[in-house]
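Read the structure below first, then the notes.
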Amino acid sequence: MDIHEYQAKEILSRFGVPVPRGGLAYSPEQAGYRARELGGSAWVVKAQIHSGGRGAAGGVKLCRTDEEVRDFAATLFGRQLVTKQTDANGKGVYRIWVEGASDIAQELYLGFVLDRKSERIMIVASAHGGMEIEDLAVSDPASLRRMVVDPAVGLAEYQARELAFALGLRGGQIAQMVTILRACYRAYRDLDATMVEINPLVITGKGDLVALDAKMSFDTNALFRRPEIAELRDRSQEDPRESAAGDHGLSYVGLDGDIGCIINGAGLAMASMDMIKLAGGEPANFLDIGGGASPERVVRAFRTVLADRNVLVILVNIFAGINRCDWVAEGVVQAYRELGLTLPVVVRLAGTNVEEGRRIVDTSGLPLISADTLADAAAKAVAARNRIAA
Ligand code: GDP
Ligand code: MN
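Counting in this note's numbering, the sequence shown runs from 136 upward without gaps.
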């Protein structure tokens with residue numbers, strides 16, 4: 136789960152990371168008021184969306200008067216901001232962060248991620264920040280410093296100091312960097328984060344380190360024990376198809392194609408999507424209905440897939456171990472009738488109670504297309520899709 140920049144700054148600041156003073160606004164008038172309240176003579180106005188790359192997309196602006204703050208905020212509110220990291224629809228701007236402008240001498244990059252190879256938290260840092268890490272890895276890979284943290288010891292002070300030196304920091308900046316690194320590490324570990332990124336971490340004109348941007352993501356499987364994090368969720372930033380599916384315990388990821396997929400097991404779902412591509416089609420989604428799927432659950436899966444207007448054909452592929460083919464077949468028939476379907480549905484069943492499942496499909500009197508193997512199912516789904524699209 137992602138959170139907003141201002142929320143990440145508030146959390147990191149609690150752990151000891153220095154951040155600029157700022158205030159949140161839900162309207163242009165409030166944004167102007169925030170600027171007056173903060174005082175000073177320059178403010179940065181920042182669209183709060185779950186995406187980076189806002190600066191380049193026109194979502195961040197340095198303003199010199201409170202009228203300018205208000206007017207720029209007015210152009211942002213309600214807008215769908217499209218960045219390099221969003222899809223073509225972008226993300227809606229409903230909250231704006233106004234903070235006192237910082238005077239920047241240098242921009243650094245700092246990230247904490249889970250390194251799957253070492254199974255540990257890894258720190259990635261560079262003295263040349265500001266741009267996205269993906270671009271940095273291409274344009275300036277030599278500047279990247281990596282450090283793995285031993286979970287039994289935590290981030291030791293000497294390690295943090297070593298990293299600060301490697302980034303070319305001097306004098307009092309070393310101690311500030313040690314504080315920032317240890318704070319981020321503790322926030323990551325104590326709150327079940329999966330990512331902490333400060334980009335840019337700046338050196339101000341006075342030589343102090345300040346986090347100008349902050350990003351945090353959290354492990355959704357741990358949210359049950361982090362209610363204070365769970366409440367930071369902002370559904371306006373999520374793909375509505377995915378949030379609705381999640382509410383029903385279905386694992387769903389929306390994609391750009393037109394063949395809807397209802398499959399059990401993440402591995403089989405991935406394989407089925409590959410087979411659809413191999414047969415010349417494009418999957419509309421990833422959907423894992425899980426084990427022990429009742430007819431009701433299958434109907435819910437149909438509703439979820441059909442909420443995507445691009446879907447022309449549905450492919451149901453079940454390899455039943457814990458599941459029962461007859462239940463899934465009943466669910467398919469029920470969904471077809473209840474939802475008044477007219478689109479082609481290809482059904483491939485294998486495993487527990489497969490004979491009964493096939494019998495239900497074949498005697499339903501509905502135009503369901505039976506398939507024997509995964510390859511057969513993918514080919515039939517693509518052929519049906521091509522007939523419609525032609
Ligand atoms: P992102 O583009 O979504 O990553 O948003 P950032 O918060 O990183 O802001 C983008 C860029 O705006 C930064 O890299 C800075 O160059 C600039 N910026 C942000 N805050 C300030 C500030 O207080 N002063 C100045 N001069 N520039 C800023
Ligand atoms: Mn940034």
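Backbone N, C-alpha and C fix where the C-beta goes; we use that ideal spot for every residue, glycine too.
Given the structure is predicted, the values throughout are model-derived calculations rather than measurements.
Bridge partners of residue 418 according to DSSP: 394. The stretch 321-383 contains, as complete alpha helix (DSSP H) runs of 4+ residues, the segments 362-365, 375-382 (chain order).
With contacts defined as CB atoms closer than 9 angstroms, residue 290 and residue 320 qualify as a contacting pair.
Under the 10 Å beta carbon count, residue 374 is surrounded by fewer than 16 other beta carbons and is classified as exposed. In this chain, the alpha helix (DSSP H) harbouring residue 407 covers 401-413.
Per DSSP, the beta bridge partners of residue 454 are 485.
Rounded to the nearest angstrom, the Cβ distance from residue 448 to residue 520 is 5 angstroms, consistent with a contact under 8 angstroms. Pairing residue 474 with residue 187, the inter-Cα distance amounts to about 40 angstroms. Under the three-state reduction of DSSP output, residue 510 falls in the helix class.
In the structure shown, residue 495 adopts helical secondary structure according to DSSP, grouped into three states.
Of the residues 349, 309, 370, the one whose Cα lies closest to the Cα of residue 267 is 349. Around residue 495, the same chain offers 461, 464, 465, 468 as residues with beta carbons nearer than 7 angstroms, after the five sequence neighbours per side are excluded. Any heavy atom of ligand 2 within less than 5 angstroms of a residue's beta carbon puts that residue on the list, which reads 334, 348.
C-alpha of residue 524 to C-alpha of residue 446: approximately 11 angstroms in a straight line. Excluding the 5 residues flanking it on each side, residue 351 has same chain C-beta neighbours closer than 7 angstroms at 138, 143, 146, 328, 330, 331, in chain order. Taking 9 angstroms as the cut-off, the beta carbon of residue 202 is found closer than this to the beta carbon of residue 167.
Judged by the Cβ position, residue 238 qualifies as a neighbour of ligand 1 at the 8 angstroms threshold, a heavy atom of the ligand being closer than this.
Per the DSSP secondary-structure output, residue 242 pairs in a beta bridge with 337.
Taking 8 angstroms as the cut-off, one finds no heavy atom of ligand 1 near enough to the beta carbon of residue 164. Its Cα nearest to that of residue 173, the residue 236 stands out among 369, 231, 214, 236. The Cβ-Cβ distance between residue 194 and residue 216 falls below 9 angstroms. Excluding residues up to 5 positions away in sequence, 426, 486, 487 lie with their Cβ nearer than 8 angstroms to the Cβ of residue 456 in the same chain.
In the DSSP assignment, residue 423 forms a beta bridge with 386, 398. The stretch 292-312 and the stretch 255-266 touch, with three or more beta-carbon pairs separated by less than 8 angstroms.
When beta bridges are read from the DSSP output, residue 234 appears opposite 157, 179.
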